[in-house]
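Residue numbering for the sequence shown follows full-length UniProt numbering, starting at 1 and increasing by one per position.
Report on the following structure.
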Amino acid sequence: MGKQQTLLKQAQQAWIALRDADCAFLASGAEGGSMQPMLVSQCMTDKSVERESLLASLLQCEDGDQSCPLPPAN
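This is the structure:
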C-alpha cells in the first residue's frame, strides 16, 4: 500500500469516528426515544453524502493544483 493510500485509509477511519460521534451527539436529545435511531441514521446518511462529494471532487483536480493530493484526472 502506497503512502497516499495509507493516509487516505487513516483519514477515512478518523472521519468515520468523527461522523459517528457527531451523529450520536446530535441525536442525543432524543435519547431513549423511538426517533433516536432514525435521527442517527439520517445524520450518518447526510454526512456520508457530503464526504462522498468531497472525495469525488479530489478526482477532478486541475493540473498544477498543489492543494490537491491526487494527480489531475485525464
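We treat Cβ as the ideally placed atom computed from N, Cα and C, and that holds for glycine.
These numbers were taken from a predicted model, which means no experiment stands behind them.
Give the DSSP-derived three-state secondary structure of D22 in the structure shown. helix
From S41, R51 and G2, residue whose alpha carbon lies closest to that of L26: S41
Measure the C-alpha to C-alpha separation of C68 and R19 and round it to an integer number of angstroms. 23 angstroms
Among residues of its own chain, excluding the 5 on either side of M44, which ones have a beta-carbon nearer than 6 angstroms to its beta-carbon? C23
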